[in-house]
Amino acid sequence: MLLGNEAVARGAAEAGVDIATTYPGTPSSEIGTTFGHIGKELGIYFEYSTNEKVALEVAAGASIAGMRSLAFMKHVGLNVAADAFVTLITMGVRGGMIILSADDPAAHSSQNEQDNRFYALLANVPMLEPATPQEAKEMVRIGFDLSEELEIPFLLRTTTRLNHVRGPVELKELGPRREPKEFERDPFRFVTVPLVARLRHPWLLETEKKAREMSESSEFNFFQDFEGDAPDGKKVLIITSGVSYNYVVDVLPEMGIAAKVLKIGMTHPLPERMIGDALAETDTAIIVEELEPYMEVQVRDIAQRRGLTLEIHGKAQELFPRILEFNPDVVKQGIVDALELKLALTKSYPSEVKAPSRPPNLCPGCPHRASFYAAKTACNDSAVYAMDIGCYTLGLLPPLRVADTEVCMGSSVGVAGGLSKATGQKVISFIGDSTFFHSGIPALINALHNKHDFVLAILDNRTTAMTGHQSHPGIPLDGMGDPAPSLDIADLVRGLGIDFVEVVDPYELEPTTDTFKRAFEHEGIAVVIARQTCALLLDKAARKTPEGIIPYFIDQDECRKCRMCVGKFGCIALYVEGEDIMINQQLCDGCGVCSQVCPFGAIKRTCGCPDGPCGVHYDEPSGEDECTEPLCEVAEGKEVAE
Amino acid sequence: MSDDQSINIMFIGVGGQGILTASTILGHAALAHGTKVAMSEVHGMAQRGGSVTANIRMGDVHSPLIPAGETDILLSFEPVETLRVLEYTSDKTLVIMNDEPIYPFTVSLGQEPYPSMDEIKAEIERHAGGLISFNALDIAKEAGNSLTVNVAMLGALAATDKLPFDVEHLRKVISERVPERFIDVNLKAFDMVLEKVKGEL
Chain A
1 MLLGNEAVAR GAAEAGVDIA TTYPGTPSSE IGTTFGHIGK ELGIYFEYST
51 NEKVALEVAA GASIAGMRSL AFMKHVGLNV AADAFVTLIT MGVRGGMIIL
101 SADDPAAHSS QNEQDNRFYA LLANVPMLEP ATPQEAKEMV RIGFDLSEEL
151 EIPFLLRTTT RLNHVRGPVE LKELGPRREP KEFERDPFRF VTVPLVARLR
201 HPWLLETEKK AREMSESSEF NFFQDFEGDA PDGKKVLIIT SGVSYNYVVD
251 VLPEMGIAAK VLKIGMTHPL PERMIGDALA ETDTAIIVEE LEPYMEVQVR
301 DIAQRRGLTL EIHGKAQELF PRILEFNPDV VKQGIVDALE LKLALTKSYP
351 SEVKAPSRPP NLCPGCPHRA SFYAAKTACN DSAVYAMDIG CYTLGLLPPL
401 RVADTEVCMG SSVGVAGGLS KATGQKVISF IGDSTFFHSG IPALINALHN
451 KHDFVLAILD NRTTAMTGHQ SHPGIPLDGM GDPAPSLDIA DLVRGLGIDF
501 VEVVDPYELE PTTDTFKRAF EHEGIAVVIA RQTCALLLDK AARKTPEGII
551 PYFIDQDECR KCRMCVGKFG CIALYVEGED IMINQQLCDG CGVCSQVCPF
601 GAIKRTCGCP DGPCGVHYDE PSGEDECTEP LCEVAEGKEV AE
Chain B
1 MSDDQSINIM FIGVGGQGIL TASTILGHAA LAHGTKVAMS EVHGMAQRGG
51 SVTANIRMGD VHSPLIPAGE TDILLSFEPV ETLRVLEYTS DKTLVIMNDE
101 PIYPFTVSLG QEPYPSMDEI KAEIERHAGG LISFNALDIA KEAGNSLTVN
151 VAMLGALAAT DKLPFDVEHL RKVISERVPE RFIDVNLKAF DMVLEKVKGE
201 L
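Residue numbers (the working numbering), protein chains in the order written: chain A, 1 to 642; chain B, 1 to 201.
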C-alpha cells in the first residue's frame, strides 16, 4: 500500500537508480522524503539541490557519464529547469534518466494550473503518464530501460491525484547500482555549440520516430472493451490518459453504454497508427483528459490526415472543463453530453447552511507573524509588499495583509526593484531562507548593481517548512541526513558588498521593529535577516523537555479589550468569547510575542499546568512561586500521536 | 459488503486531528484482508489547521474519488466540516460525527459565525440517510488521551458492520500501526466508541 510518490521512489530503486535530485515542491515532495529514508541504505545518492535547474543539471551530468538518474520536481519547477531541460534532450544521455514533473490541476498548492505535457512537445521528449501508484512504479522501472535504449531522458508526468493517492503496489527485486567509471569524451554530442546543435536536431527527430514506434507497441497503451447499449447504434471510442482513465472505467459500467477505451500511457510521441486505426472503426470519439486539449488536438490532426470525418468530442465543444481536476461526476457529465444521452445523474446538492471558512494560516508561534507585524509597524503600513513563495505567503491573510504581489519562487526580489522604480514608495520584499537560496541571490545582485532601493527581509526559519522541513544550503545537514557545510546568509549578503545587513530575532519585537525602521530609512538595498527556527520544530523540541510547552494567558483583570492582539497581530491561538479575548491553551506555543504586542501587559506566561493558569503563574521561572502541578500530558503526547 | 460491491468511506475534519493516520490504518486493514482499495488524501495544508479530507474506496473501483451522493459512510471529525461535503452524501449515507467543534480562526477572531449544533444536525439529516453523533473528544479523554480521537472514530466505523473485515482484524492493524506505548489507550478509546455506537444503531 504505497503513496503514488513512494511508488515512484520504489520504481526507481527497482530500476537500480544511482542518483536522485530534487528541489522540494508539492505534490512531489514525498519522493524526496522517501529517498531521504532509503537512499543511504540502498547506496542511492540523493540530494536536495538549491533549485530545480541545478537538480536537473546534477542528474544530467550523472546520466551523461552513464549512471541512472531521477530528477523530480513540481510542475512550475520544470519552468525553472527548462533551459537545461530543453537542450539536454537534444544531447541525450548514456545512462537512463527520468525527469518527473508533478502537475497540480486545481492548484491545490501551486500558483498556476499549467499543463506540462506541452513540454514534451516543446522539447520533443518521450513522455509517460501513469494512472495509479502501481502503474507509476512500473513506468519508472521500465522507463529507465526505454530511456537507455533510445539514449534520451524520459519525462514522467504525474498529477496530484497520482502523487497523493494510496493504492496496492506489487513489489519486484531491487536493481543493482553502477560503479563510477571514467568519463568517455564525445564533444560533438555533449558540447552544444551551434555546429553541434545543428547535428543534434536531426538526431532528435530520428529518435522521435523510434520513440513513436515504441509507443505503437507499448504495454502502457492499450484497449479495453465495455459492454452495454450502443447509443443510437454508434460505435464509441474513448481516448484517455493519466488519472482520467480511472474515472472513465468507473463510470462506464454504471452508465451501461458500449464503448472501446484507449488508455494511453505513453503520451509523447502518441501512437498515431494505433489511434488512427481505432478512429477508422469508430463513429464517435470522446477525448477525456484533464486541463488542456493536449491529446485532443493531436487526435484531430491524425483524423484529418486519414481523411476521417467522425465526430470528435472534447474540450473544443466545452464538454469537458479546461480548469480544475476531473472527478467521476465531471467525466460522467461530459460523456452524457457528448453522446446526448438521457441519463439521470445522481441528485445531490451542497449544504444550505453556510460553513465558516477554514483557510490555512500561520501556525501559533510562527516567527513570520512576528516579522510581518514588526515590518508593518515600522513602515506604518505604508510600504508596498513584494511577497515570495513559502508558508509565509499566508501573511496575505488579515489582519496582517502584507502581500501585494507574488509571482513565483524568488520573484519578490526582482519585483521589489520594479515596484520601487515605479511607485516611489517604500518597498519591502519578504523571502524565506530556502527560497532565497533557490533564486533570490541573482536578483539581489541585480538590485545592488542597478542601485535599486528597497528592504529585503529574509525570513530565515532554518528549514524549508512549507513542503515538510527539508534541508537547504543554510543547514548543516544534507538530504541524506549527513553533516554538510552550511552557508550563513548574513556572511553571504555582506560578501556581496551590501552595507546594511542586520540579523534580528523576530521574537524580540521591539528591536526587530527598530531595525526595520532603520532599514526603511536606508537608501539603497537594506537586508534584514529575521532568524528564528520554525515554530513546529521548536514545539517538537520543547515537547521533549521536562517543562514541555508553557502557554500564555490573558489576565482578564488587566485586559482593556483594545483588541490589538486579535485585531492587529491575529495569532490563531487567540479567540474572542463575548467581550473577552482568550488564549487557547492547547494551541498556544508559548512564543510570547503577543505579550509584547499588548500595550497593557495583560498577556502573561502560565505555570504550564493542564487546566491553564492556576493562580500561581510567573513570568520567569524564579523557583519560589513555581507551580507544582504535573505537566500537561496532552502536550507531551501530541507529537507521537500525529 | 459482498465481493461484487464496493464501499465508499469519506473522512473529513481539521488538520491535526490525525485523519490521514486513521484513514491509512483503515486502508492497510483492507489490504491486509485482501480487499482491493483506492485512497486519496489532501496534503500540504494539513499542518496549518485547514480542512482535511480522505477518500477510501474498497472493492472493485479504480478512481480514488467518491462520486457525488455515493458516500456510504461519512466519518466526520468536526461538525461544520460535515457541511462542506454534504454534496457527496445522499439517502444511502450514514454520517458518523464527532460533535466537538473546532472553531476556525475566522470564527474565533469574530469574523464569521459558527452555525448552531441544531442547525448543523438538521441540515445533515436533510441530506443523509442517517446521523449518529457523539463527543469523541470526551470519550478519548476518558480513555486516557485526547489524541486518540482518530482511532476512536474508527471504532464507530467498526460498529456499523459495513466493513469487509471483522473488528478483531481492525484492532490488530491498529496495534501494528500506532506507537507501542499508545496501543492500549488507543484500543480503549476504540472499544468505548464501538460499544457506544453499537448501542445507537
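Every residue gets a Cβ at the ideal spot worked out from N, C-alpha and C, and that includes glycine.
At a cut-off of 8 Å between beta carbons, B:HIS28 contacts chain A.
A:VAL402 has a beta carbon lying at 8 Å or more from every beta carbon in chain B. Secondary structure at A:VAL503: strand, using DSSP grouped into helix, strand and coil. Secondary structure of A:PRO483 (DSSP, three-state): strand.
A:HIS368 is classed as buried because its beta carbon has at least 16 other beta carbons within 10 Å across all chains shown. Listed along chain A are SER351, GLU352, VAL353, each with a C-beta nearer than 8 Å to that of B:GLU123. Looking at the backbone, the Cα of A:CYS571 and that of A:LEU279 are separated by about 59 Å. Taking 8 Å as the cut-off, the beta carbon of B:LEU94 is found closer than this to the beta carbon of B:GLY129. Within the region 401-481 of chain A, complete alpha helix (DSSP H) segments of at least 4 residues are found at 411-423, 441-449, given in chain order. Taking C-alpha positions only, A:LYS544 is separated from B:VAL185 by approximately 20 Å.
The Cβ atoms of A:THR87 and A:LEU204 do not sit closer than 8 Å to each other. In the structure shown, the three-state DSSP call for A:ILE98 is strand. In the three-state reduction of the DSSP assignment, A:HIS108 falls in the coil class. Assignment of A:VAL384 by DSSP, reduced to helix, strand and coil, places it in the strand class.
Within chain A, the residues whose beta carbon sits less than 9 Å from that of B:PRO115 are VAL353, LYS354, ALA355, PRO356, listed in sequence order. At a C-beta separation below 8 Å, B:SER108 has these neighbours in chain A: ILE572, LEU574, TYR575, VAL576, ASN584.
Within the same chain, THR87, THR90, MET91, ARG200 come within 8 Å of A:THR192 by CB-CB distance, once the 5 residues on both sides are set aside.
Residue contact with chain B for A:MET139: absent (no Cβ-Cβ distance below 8 Å to any residue of chain B). Between the beta-carbon of A:ALA136 and that of A:MET127 there is about 13 Å, and that puts the pair past the 8 Å contact cut. The shortest C-alpha to C-alpha distance from A:CYS366 to any of A:ILE142, A:LEU537, A:MET480, A:SER110 is the one to A:LEU537. Taking A:SER382 as the centre and dropping the five residues before and after it, the same chain places the C-beta of GLN425, LYS426 closer than 8 Å to its C-beta, in chain order. Closer than 8 Å to the CB of B:GLY50 there is at least one CB belonging to chain A. At a cut-off of 8 Å between beta-carbon atoms, B:SER40 makes contact with chain A. In the same chain as A:ILE498, and ignoring 5 residues on each side of it, the C-beta atoms closer than 7 Å to its own belong to LEU448, ILE525, VAL527, in chain order. In the same chain as A:GLY567, and ignoring 5 residues on each side of it, the C-beta atoms closer than 7 Å to its own belong to PRO399, in chain order. Inter-segment contact for the region 223-240 of chain A and the region 288-297 of chain A is present: three or more beta-carbon pairs are separated by less than 8 Å. A:VAL169 and A:SER371 have their C-alpha atoms roughly 45 Å apart.
Scanning the region 340-395 of chain A for uninterrupted beta strand (DSSP E) segments of 3 residues or longer gives 384-387, listed from N- to C-terminal end. Contact annotation: in the region 80-91 of chain B, residues whose CB is within less than 9 Å of a CB in chain A are VAL80, GLU81, THR82, LEU83, ARG84, VAL85, LEU86, GLU87, TYR88, THR89, SER90. As the crow flies, the alpha-carbon of A:GLY414 is around 11 Å from that of A:CYS408.
Relative to B:PRO164, the option among B:GLU112, B:GLY59, B:GLU195, B:LEU147 whose CA is nearest is B:GLY59. For A:ALA526, the enclosing beta strand (DSSP E) stretches over residues 526-531. The alpha-carbon separation between A:THR50 and A:ASP505 amounts to approximately 25 Å.
B:ILE120 has a beta carbon lying within less than 8 Å of a beta carbon in chain A. In the DSSP annotation of this structure, B:ASN8 is not part of any alpha helix (DSSP H); the continuous beta strand (DSSP E) holding it starts and ends at 7-14. Bounds of any alpha helix (DSSP H) do not take in A:GLN224; it lies within the beta strand (DSSP E) bounded by 221-226.
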